[in-house]
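Chains as they are written, first to last, in my numbering: chain A, 33 to 344; chain B, 3 to 95.
Here's what the structure looks like:
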């Protein structure tokens, strides 16, 4: 950990222990899994309830994917930052078992099934942001470990438009909404594997094997209320290219794998996870139709997409 | 760094390289940038084992791709220099 956020990086918590904020707890559903958050004060719980809405449940489930314990940390542990004109990136250090993270008024240590969060924040809105800073990389690591992938992308009607900041994700998501298409998120989407034989054994309706897009509550410019909460089959992966006219062309396997690796936040910073990330990106790219979509800000991309990749 | 046809090139241990159909992807673990390289570059990187010289790599590529030997040799030296500058390969003269 560095001095960017912490006054004394050497004092970064070595163990998941400390004084909790309270005895409240809740479960948050993300990509079909429950993340239990414990040690909360009433105010902090309110912040999570406001942030996650129907995704937040009372903690009765026994099948939680990961438990996050929230501990107090004194304000004096953290550097005060002037955020005017400043772009916020947490400091993330990966290890074989998980990661350590520091950010504005937060420190965290996480493994795939548990995490400790030390923070000085109780104010509801800011606290939900503190937790989200930990949930996002934890979700990225869990998805990668479990056959899926978290991707910087907009997802609409089964099309995944991958790209980093400035690529046009929110623009294409807005075009999708204008065209009456269901949008999952304009910033982060989860690709999850469907194992048809496992689904049949569980007695759930048969789906062909392949990949699904799972809705997440992580949006960019869109409001969450504008997005759909229905998972959809992944129809195609598309790179975005701003242009004066709409067109679509094929994208090679290597270009698609490269795109997915570049757009897999958090885990693509971990050298030890790169082989698995390459493998996963390759699996997804192999099993999915691929293209580059050139589009205008005020254009209509759907006719050529549906012509190129099949109608609904 | 002066790279010649007698130089031997090896991928840096912090680099991941993999072929996908005709093209390849090179990822430097430090930056996580995923670079897509052409079919000829992919073939070259498959041979970048620190044992073969650039001359030997050029001969293999010459036998598999339709290009004059002097062009292949010149392009290979230029490409190897770019990769060395980017920290993707190590050069053993």
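Here a beta-carbon is modelled for each residue, glycine too, at the ideal position from N, C-alpha and C. Here the structure is a predicted model, which is why all the values come from computation and not from measurement.
Spatially closest choice to residue i from the options, by CA coordinates
i, options, result
"residue 53/B", "5/B, 93/B, 85/B", "93/B"
"residue 52/A", "96/A, 106/A, 42/A", "106/A"
"residue 134/A", "109/A, 84/A, 198/A", "109/A"
"residue 171/A", "319/A, 266/A, 99/A", "99/A"
"residue 165/A", "338/A, 60/A, 138/A, 203/A", "138/A"
"residue 283/A", "295/A, 270/A, 274/A", "270/A"
Short CB-CB distance (under 8 Å) between residue i and chain A
i, result
"residue 36/B", "yes"
"residue 90/B", "no"
"residue 23/B", "yes"
"residue 16/B", "yes"
"residue 20/B", "yes"
"residue 11/B", "no"
"residue 64/B", "no"
"residue 31/B", "yes"
"residue 27/B", "yes"
Residue i in three-state terms, based on DSSP
i, result
"residue 331/A", "coil"
"residue 260/A", "coil"
"residue 165/A", "helix"
"residue 46/B", "helix"
"residue 120/A", "coil"
"residue 213/A", "coil"
"residue 113/A", "coil"
"residue 324/A", "strand"
"residue 36/A", "coil"
"residue 108/A", "helix"
Residue span of the beta strand (DSSP E) that contains residue i, given as start and end
i, result
"residue 272/A", "268-274"
"residue 349/A", "Lying before the first or after the last residue shown, residue 349/A is absent from chain A, which here runs from 33 to 344."
"residue 31/A", "Limits of chain A in this structure are 33 at one end and 344 at the other, which puts residue 31/A out of reach."
"residue 22/B", "17-22"
"residue 26/B", "25-30"
"residue 59/A", "56-62"
"residue 13/B", "10-13"
"residue 99/A", "98-104"
Continuous alpha helix (DSSP H) stretch holding residue i: start and end
i, result
"residue 206/A", "201-210"
"residue 1/B", "Since the first residue of chain B shown is 3 and the last is 95, residue 1/B is not available in this structure."
"residue 84/B", "71-87"
"residue 285/A", "285-294"
Residue i - partner residues in DSSP beta bridges
i, result
"residue 130/A", "143/A"
"residue 5/B", "Answer by DSSP bridge pairing: none, since residue 5/B is not bridged."
"residue 224/A", "244/A"
"residue 191/A", "188/A, 268/A"
Any chain B beta carbon closer than 8 Å to residue i
i, result
"residue 294/A", "yes"
"residue 275/A", "no"
"residue 183/A", "no"
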